[in-house]
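Protein chains: 2
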Amino acid sequence: MLRTSASSDSKMGKVLNLDTINSRVRDMEYAVRGALPTRAEQLAQTLSCDSTKASLPFKQIIFCNLGNPQQLEQKPLTFLRQVSSLVEYPELLSPEKIEQTKLLFPGDAISRARSLLASVGPSIGAYTGSSGLLKVRQDVAKFIEHRDGFPSDPSNIQLTNGASEAVARILELVVSDPSVGIMIPIPQYPLYTATLTRLGAQAVPYYLQEESKWSMDVPGLTGILRAHREKGINVRAIVIINPGNPTGGVLSSKNMSEIVQFCEREKLVILADEVYQANTYDKKNTPFTSFKKVVSQLSSDVELFSFHSISKGMVGECGRRGGYLEMHNISDSVKDVLNKMASVSLCSNVPGQLAVDIMVNPPQPGDESHDQYNAELDSIYNSLKSRANKLYHAFNSLENVSCQPAQGAMYLFPQIKLPNKFIDYCSKDNKLPDQEYCMRMLESTGVCVVPGSGFGQVQGTFHFRTTFLPQEKYFDSFIHLLTVFHKDFMNQFR
Amino acid sequence: MLRTSASSDSKMGKVLNLDTINSRVRDMEYAVRGALPTRAEQLAQTLSCDSTKASLPFKQIIFCNLGNPQQLEQKPLTFLRQVSSLVEYPELLSPEKIEQTKLLFPGDAISRARSLLASVGPSIGAYTGSSGLLKVRQDVAKFIEHRDGFPSDPSNIQLTNGASEAVARILELVVSDPSVGIMIPIPQYPLYTATLTRLGAQAVPYYLQEESKWSMDVPGLTGILRAHREKGINVRAIVIINPGNPTGGVLSSKNMSEIVQFCEREKLVILADEVYQANTYDKKNTPFTSFKKVVSQLSSDVELFSFHSISKGMVGECGRRGGYLEMHNISDSVKDVLNKMASVSLCSNVPGQLAVDIMVNPPQPGDESHDQYNAELDSIYNSLKSRANKLYHAFNSLENVSCQPAQGAMYLFPQIKLPNKFIDYCSKDNKLPDQEYCMRMLESTGVCVVPGSGFGQVQGTFHFRTTFLPQEKYFDSFIHLLTVFHKDFMNQFR
Numbered sequence: 001m002l003r004t005s006a007s008s009d010s011k012m013g014k015v016l017n018l019d020t021i022n023s024r025v026r027d028m029e030y031a032v033r034g035a036l037p038t039r040a041e042q043l044a045q046t047l048s049c050d051s052t053k054a055s056l057p058f059k060q061i062i063f064c065n066l067g068n069p070q071q072l073e074q075k076p077l078t079f080l081r082q083v084s085s086l087v088e089y090p091e092l093l094s095p096e097k098i099e100q101t102k103l104l105f106p107g108d109a110i111s112r113a114r115s116l117l118a119s120v121g122p123s124i125g126a127y128t129g130s131s132g133l134l135k136v137r138q139d140v141a142k143f144i145e146h147r148d149g150f151p152s153d154p155s156n157i158q159l160t161n162g163a164s165e166a167v168a169r170i171l172e173l174v175v176s177d178p179s180v181g182i183m184i185p186i187p188q189y190p191l192y193t194a195t196l197t198r199l200g201a202q203a204v205p206y207y208l209q210e211e212s213k214w215s216m217d218v219p220g221l222t223g224i225l226r227a228h229r230e231k232g233i234n235v236r237a238i239v240i241i242n243p244g245n246p247t248g249g250v251l252s253s254k255n256m257s258e259i260v261q262f263c264e265r266e267k268l269v270i271l272a273d274e275v276y277q278a279n280t281y282d283k284k285n286t287p288f289t290s291f292k293k294v295v296s297q298l299s300s301d302v303e304l305f306s307f308h309s310i311s312k313g314m315v316g317e318c319g320r321r322g323g324y325l326e327m328h329n330i331s332d333s334v335k336d337v338l339n340k341m342a343s344v345s346l347c348s349n350v351p352g353q354l355a356v357d358i359m360v361n362p363p364q365p366g367d368e369s370h371d372q373y374n375a376e377l378d379s380i381y382n383s384l385k386s387r388a389n390k391l392y393h394a395f396n397s398l399e400n401v402s403c404q405p406a407q408g409a410m411y412l413f414p415q416i417k418l419p420n421k422f423i424d425y426c427s428k429d430n431k432l433p434d435q436e437y438c439m440r441m442l443e444s445t446g447v448c449v450v451p452g453s454g455f456g457q458v459q460g461t462f463h464f465r466t467t468f469l470p471q472e473k474y475f476d477s478f479i480h481l482l483t484v485f486h487k488d489f490m491n492q493f494r
Numbered sequence: 001m002l003r004t005s006a007s008s009d010s011k012m013g014k015v016l017n018l019d020t021i022n023s024r025v026r027d028m029e030y031a032v033r034g035a036l037p038t039r040a041e042q043l044a045q046t047l048s049c050d051s052t053k054a055s056l057p058f059k060q061i062i063f064c065n066l067g068n069p070q071q072l073e074q075k076p077l078t079f080l081r082q083v084s085s086l087v088e089y090p091e092l093l094s095p096e097k098i099e100q101t102k103l104l105f106p107g108d109a110i111s112r113a114r115s116l117l118a119s120v121g122p123s124i125g126a127y128t129g130s131s132g133l134l135k136v137r138q139d140v141a142k143f144i145e146h147r148d149g150f151p152s153d154p155s156n157i158q159l160t161n162g163a164s165e166a167v168a169r170i171l172e173l174v175v176s177d178p179s180v181g182i183m184i185p186i187p188q189y190p191l192y193t194a195t196l197t198r199l200g201a202q203a204v205p206y207y208l209q210e211e212s213k214w215s216m217d218v219p220g221l222t223g224i225l226r227a228h229r230e231k232g233i234n235v236r237a238i239v240i241i242n243p244g245n246p247t248g249g250v251l252s253s254k255n256m257s258e259i260v261q262f263c264e265r266e267k268l269v270i271l272a273d274e275v276y277q278a279n280t281y282d283k284k285n286t287p288f289t290s291f292k293k294v295v296s297q298l299s300s301d302v303e304l305f306s307f308h309s310i311s312k313g314m315v316g317e318c319g320r321r322g323g324y325l326e327m328h329n330i331s332d333s334v335k336d337v338l339n340k341m342a343s344v345s346l347c348s349n350v351p352g353q354l355a356v357d358i359m360v361n362p363p364q365p366g367d368e369s370h371d372q373y374n375a376e377l378d379s380i381y382n383s384l385k386s387r388a389n390k391l392y393h394a395f396n397s398l399e400n401v402s403c404q405p406a407q408g409a410m411y412l413f414p415q416i417k418l419p420n421k422f423i424d425y426c427s428k429d430n431k432l433p434d435q436e437y438c439m440r441m442l443e444s445t446g447v448c449v450v451p452g453s454g455f456g457q458v459q460g461t462f463h464f465r466t467t468f469l470p471q472e473k474y475f476d477s478f479i480h481l482l483t484v485f486h487k488d489f490m491n492q493f494r
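From first to last, the protein sequence lines stand for chains H and X.
Just so you know, the first sequence maps onto residues 1 to 494 in UniProt numbering.
Just so you know, the second sequence maps onto residues 1 to 494 in UniProt numbering.
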């Protein structure tokens, strides 16, 4: 689509046109923000003009294409915002203002703001060290130790502008030349394919097993790896997204042990995208286990990078761009290179760094804000769980639709057996069937989801990804609209 | 230095070692955060243990290696922080709390917070559009129109995590393959050489004319360009840093017109790094003029990217990572690619975006905070100007040191004619003379500067870059320490 205007740019005598710019960035695909959300924005614009509202069959656009909780009215955690507010304007803590401030902020938010400011130095407006504030990295390390029961060292932590920046940095480190291959799950979050396209490296796909809750087929990995290595691809690392995006699957620790042993045998570095670690909905049967823990339990020397973020979980502070990576079994000289990479962009944003601190070091029992903090967490958690469950049942009650349970993350990834008549129609019209299905869903319901082709899927199968983030008050209507649309669609193309 | 441990990593059987990782990121150099600041951090650590303080000839480390004003106690602008504080915790604006809030915050900060929150949508915790909030981009466009007297379109603005991210994004767009060359000034801010190394492109250096206040020799550019094009280098763009980093020079608009005409003739894209646009210290004789204005005045079709940031000027909010780029004469299809590049990292951080809004849209006459805001700006500005001037005179009074005036930016870049005896000593010891001089300065004075070799300099000349950011109360002692050190040094090696 982008290519159409290349010749006109070049006729206009531009130095930069689609034929001359970096083809790797030109060819990146990032479906989460592609044609569907663009159309959804147009529809939202139309709806904002009241007069035309009657001409559309829905009253609002529901953006289920992005894991963007606060855009869908999820409330921020009060304590996090109170502390963030105080550190922005330290005069609130001055002797002249503190009495007034105490009327507006709880004591533990005030003392946390004071201690964070003390650890920052003169101002949150200064660059921090390239890897981020030592105090925050220390708190991250403590959080990891407490989570896993194994030591973590602050010098192995880098704070980043969200996990996306961290992932891109590690991929860039690992990809030394175009022969390098990185194993990625299919379906995957498109950051990975986009970044590999950008870096000119090879994505080596491995398929998740939909029928068994999107688990990993470890024996199958060996075959894929060998086949690619025989073709001369220098397969060097594997990306694992757990809990899964877009699948919602959660790996068992048994499955993970097999994966670590496989990586050890095959000399593969692990990139563990664990940004949804707080989003698991059956903590008894399918709890989250970190790769750091499994690697440590096995005393493995597998090189591991783990990623976490404030954008997901119950924190949901996407706009703040805060995250971290942990390095495990990484050589000191490679760590030095990573720190230098961080230093070229100076440091990650400080408000995001401080929010990481609050996520990993929340109010403790006895603290003034403890009960409210936990009540807010629980309320968001329980609501997500109930919405996931509702939507799972709704999808499974639709004709030709099957959906695995959301064990984790913020997504369901239902499969639709599209009627042949519809597939034929799309093939004549040169359309991707899943994309066309989702576009029709958007036009009929106002619900914006992402077609499975944006994440990858087994050839001939069709899926879409939807978040279950709309608030519960909208949820029944949301499910109703989907159900009616799908029924009409099936009747049209059966 | 880094290479020494490569073989030991590989002996340890690591997949990732200095021989296997991406050599382009391994080989990047970024002097602003190199050996000197590392040693400075060690000394600062030593000083923090009171007992050993007596053993060092100074009482504190003064970090003049980074343009990091708030780290050197520059006060943040009150209005910016008040608004930032309010948007973090919108409950302060609720009917229950607003009366208390009014006792702590001025009315215009409250109304600005309300209007920003309204433009953000549900929460600053949500991702914004990939290019940033429309309201902020509109305000940036208005600011540019007011500054230049020529139209600016919000759809040509992208908000970024500081200007560094913006620069890296544009360089990545322009560098399509290793034959691409980008003209960069020498001396330059090392972000440019580091990023070009990272991208595998060619830096095509052009030398600034030190003797005429670091101006650009436009006739000379043609020769450099032709020579590189004849060698098969596809020279496609030119980087101009104005006001200059590390030089402190400010280009005249006549010089700029010649540059634009040269770029038009030679089909070069301009990357105009204008992050120091508010830092000019002789507004009558050497005012800042934007390249956007000059290109517009000449009705030129030169493709232009301009960069600005909240980190510099009198705002100095480095830690917040806020910035923007403006595209001018860029084709729509290339803009689409840039928006897609932005979308892969989702969006820049929202607190940084909102701070950009306040920088470009400060309190207006009649607003409650107007006088204080301007008084704060003026106080910082006047102090910077006076410190620049003091330091300029101090350098020029030193034996063998000559320094151009700081017309702009936050730096002086004095030249030192190092004694032959010292140069011989360094050459025997395999040391860079300017690096060794700066290291000795650090060990004797606690002042950390950056050697000229980190920025590039004419072969056989030696410089260092220092900010003039230490507060005035430290300034006399700062100058005194430098003067004593330099005198001793000269006496030792004369």
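Here a beta-carbon is modelled for each residue, glycine too, at the ideal position from N, C-alpha and C.
Original post:
Can you find a CB in chain H that lies within less than 9 Å of the CB of Pro154/X?
Top reply: Not one chain H Cβ lies under 9 Å of Pro154/X.
**OP:** Starting from Ser343/X, follow the beta strand (DSSP E) in both directions and report where the run begins and ends.
**Re:** Run containing Ser343/X: none in the beta strand (DSSP E); it sits in the alpha helix (DSSP H), Asp332 to Val344.
Original post:
Do Tyr373/X and the ligand NAP come close, with the Cβ less than 8 Å from some heavy atom?
Top reply: Looking for the ligand NAP in the displayed structure turns up nothing, as the structure carries no ligands at all.
**OP:** Please report the residue range of the beta strand (DSSP E) in which Tyr281/H lies.
**Re:** No beta strand (DSSP E) contains Tyr281/H, which DSSP labels as neither H nor E.
**OP:** Check whether the Cβ of Met28/X lies closer than 9 Å to any Cβ atom in chain H.
**Re:** Interface flag for Met28/X against chain H is set, since a Cβ pair is found closer than 9 Å.
**OP:** Return no unless some Cβ of chain X is closer than 9 Å to the Cβ of Met12/H.
**Re:** Interface residue, yes.
Original post:
Short check: CB of Gly408/X to CB of Gly244/X, under 9 Å?
Top reply: Between Gly408/X and Gly244/X, the CB-CB gap stays under 9 Å.
Original post:
Hey, would you say Pro90/X sits closer than 9 Å to Gln457/X, going by beta carbons?
Top reply: With respect to the 9 Å criterion, Pro90/X and Gln457/X are not classified as neighbours on the basis of their beta carbons.
Subject >> Selected residue, minimal CA-CA separation from Pro190/X, among Ser345/H, Gly446/H and Gln435/H >> reply: Of the listed residues, the one whose Cα sits closest to Pro190/X is Ser345/H.
Original post:
Along the segment 95–108 of chain H, what residues have a CB closer than 9 Å to any CB found in chain X?
Top reply: Answer set for the segment 95–108 of chain H: Lys97, Gln100, Thr101, Leu103, Leu104 and Phe105.
Subject >> chain X contacts from the segment 114–144 of chain H (Cβ-Cβ distance under 9 Å) >> reply: Listed by position, the residues of the segment 114–144 of chain H near chain X (Cβ gap below 9 Å) are Val120, Gly121, Pro122, Ser123, Ile124, Gly125, Ala126, Tyr127, Thr128, Gly129 and Ser130.
**OP:** Would you mind giving the Cβ-Cβ distance between Gly322/X and Ala272/X, rounded to the nearest angstrom? I have them listed as a contact below 8 Å.
**Re:** Not really, about 18 Å apart at Cβ, beyond 8 Å.
**OP:** Would you give the residue range spanned by the beta strand (DSSP E) that Tyr206/X belongs to?
**Re:** For Tyr206/X, the enclosing beta strand (DSSP E) stretches over residues Gln202 to Tyr207.
Subject >> Residue range of the alpha helix (DSSP H) that includes Gln45/H >> reply: DSSP places Gln45/H in the uninterrupted alpha helix (DSSP H) bounded by Ala35 to Ser48.
**OP:** Report all residues from its chain with a CB closer than 6 Å to the CB of Pro69/H; omit the five preceding and five following residues, and keep chain order.
**Re:** Excluding sequence positions up to five before and after Pro69/H, its CB lies within less than 6 Å of the CB of Gly316 and Leu469, all in the same chain and listed in chain order.
Original post:
In angstroms, rounded to a whole number, what distance separates the CA positions of Met327/H and Phe305/H?
Top reply: Approximately 5 Å, taken between the alpha carbons.
**OP:** Could you spell out the range, first to last residue, of the alpha helix (DSSP H) harbouring Met439/H?
**Re:** Counting along the chain, the alpha helix (DSSP H) containing Met439/H begins and ends at Pro433 to Thr445.
Original post:
Does the beta carbon of Lys267/X come closer than 9 Å to any beta carbon on chain H?
Top reply: Lys267/X counts as touching chain H.
**OP:** Can you tell me which of the three DSSP states Leu268/X falls into?
**Re:** Here Leu268/X sits in coil by DSSP.
**OP:** Using three-state DSSP, classify residue 495/X as helix, strand or coil.
**Re:** Lying outside 1 to 494, the shown extent of chain X, residue 495/X is not represented and no answer is given.
Original post:
Taking Cβ-Cβ distances shorter than 7 Å, what residues in chain X pair up with Lys340/H?
Top reply: The contacting residues are Met28 and Tyr30.
**OP:** Would you mind telling me which residues of chain H sit closer than 7 Å to Gln82/X, beta carbon to beta carbon, in chain order?
**Re:** For Gln82/X, the chain H residues whose C-beta falls within less than 7 Å of its own C-beta are Tyr89, listed in chain order.
Original post:
Are the segment 220–231 of chain X and the segment 368–377 of chain X touching by the rule of at least three beta carbon pairs closer than 8 Å?
Top reply: The segment 220–231 of chain X vs the segment 368–377 of chain X: no contact.
Subject >> Length of the line joining the Cα atoms of residue 497/X and Arg81/H >> reply: An answer regarding residue 497/X cannot be provided, because it is not within the stretch 1 to 494 covered by chain X.
**OP:** Output, in chain order, the set of chain H residues within a Cβ distance shorter than 7 Å of Pro178/X.
**Re:** Under the 7 Å cutoff, chain H gives no residues; its nearest Cβ is about 11 Å from Pro178/X.
Original post:
Could you give the distance in angstroms between the alpha-carbon of Asp378/H and the alpha-carbon of Thr286/H?
Top reply: Using only the alpha carbons, I get a separation of about 18 Å.
Original post:
Is the shortest distance between the beta-carbon of Pro57/X and the beta-carbons of chain H less than 9 Å?
Top reply: Among the CB atoms of chain H, none fall inside 9 Å of the CB of Pro57/X.
**OP:** With 8 Å as the C-beta to C-beta threshold (strictly closer), list the residues of the segment 344–365 of chain H near chain X in chain order.
**Re:** Taking 8 Å as the Cβ-Cβ cut-off against chain X, the residues of the segment 344–365 of chain H that qualify are Val344, Ser345, Leu346, Cys347, Ser348, Asn349, Val350, Pro351 and Gly352.
Original post:
Among residues of its own chain, excluding the 5 on either side of Ile330/H, which ones have a beta-carbon nearer than 7 Å to its beta-carbon?
Top reply: For Ile330/H, where only same-chain residues beyond five positions count, the Cβ hits under 7 Å are Glu303.
Original post:
To which residues of the same chain is Lys335/X closer than 8 Å at the C-beta, ignoring the five residues directly before and after it?
Top reply: Non-local beta-carbon contacts of Lys335/X in its own chain, meaning distances under 8 Å to residues more than five positions away in sequence, involve Ser155, Asn156 and Met327 in chain order.
Subject >> Residue-level contact to chain X via CB, Ser5/H, 9 Å cutoff >> reply: Any reading at Ser5/H needs caution, since the residue's pLDDT is 47, under 50, leaving its predicted position unreliable; the model's value is listed next. Yes, Ser5/H counts as interfacial toward chain X.
Subject >> Length of the line joining the Cα atoms of Ile270/X and Val337/X >> reply: Between Ile270/X and Val337/X, the alpha-carbon positions lie close to 18 Å from each other.
Original post:
How far does the beta strand (DSSP E) with Ala237/X in it reach, from first residue to last?
Top reply: Here the beta strand (DSSP E) through Ala237/X covers Asn234 to Ile241.
**OP:** Counting only the same chain and skipping the five closest in sequence on each side, list residues whose C-beta sits under 6 Å from that of Asn396/X.
**Re:** So the list reads Cys403, once near-sequence residues are dropped.
Subject >> Cβ-Cβ separation, Ile241/H to Pro185/H (assumed contact under 8 Å), whole Å >> reply: Yes, Pro185/H and Ile241/H are in contact; Cβ-Cβ is about 6 Å, under 8 Å.
**OP:** Can you tell me which of Gly132/H, Met441/H and Leu43/H puts its alpha carbon nearest to the alpha carbon of Ser55/H?
**Re:** Nearest of Gly132/H, Met441/H and Leu43/H to Ser55/H, Cα basis: Leu43/H.
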